[in-house]
Amino acid sequence: MIAVRSSDWQPAVEQLACSRVPVVLAAGARDPIPVPNRAAELARRHPGFHALAHQEGDHGLPLTHPA
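Going by the working numbering, -8 is the number at position 3 of the sequence shown; the sequence numbering is gapless.
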């Protein structure tokens, strides 16, 4: 899992896109710090990316709702 923790996340996205491995962009629907449609837009631009919104998840999604 790669967590985006700074404004320099774009190079990480491009690196993942070039790696040709499937990427799941998971977001919590109850996140108090949402960025509307970011995951969906990235998934639209990069064929190997898939956006997923967990309806009960919040900003701590990986910790509160592990796969």
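C-beta: ideal position from N, C-alpha, C; glycine also. Predicted model only: the values in this text are computed from it and were never measured.
- Exclusion of the five residues before and after H54 leaves H43, G46 as the residues of its chain whose Cβ lies within less than 6 Å of its Cβ.
- Rounded to whole angstroms, P51 and A1 show a C-alpha spacing of 19 Å.
- In the structure shown, V10 falls within a coil segment according to DSSP collapsed to helix, strand and coil.
- A distance below 6 Å between beta-carbons, with the five flanking residues on each side excluded, links H35 to the following residues of its chain, in chain order: A6.
- Closest in alpha carbon position to H48, among V10, W(-2), I22, is I22.
- Per DSSP, the unbroken alpha helix (DSSP H) holding A28 starts and ends at 27 to 34.
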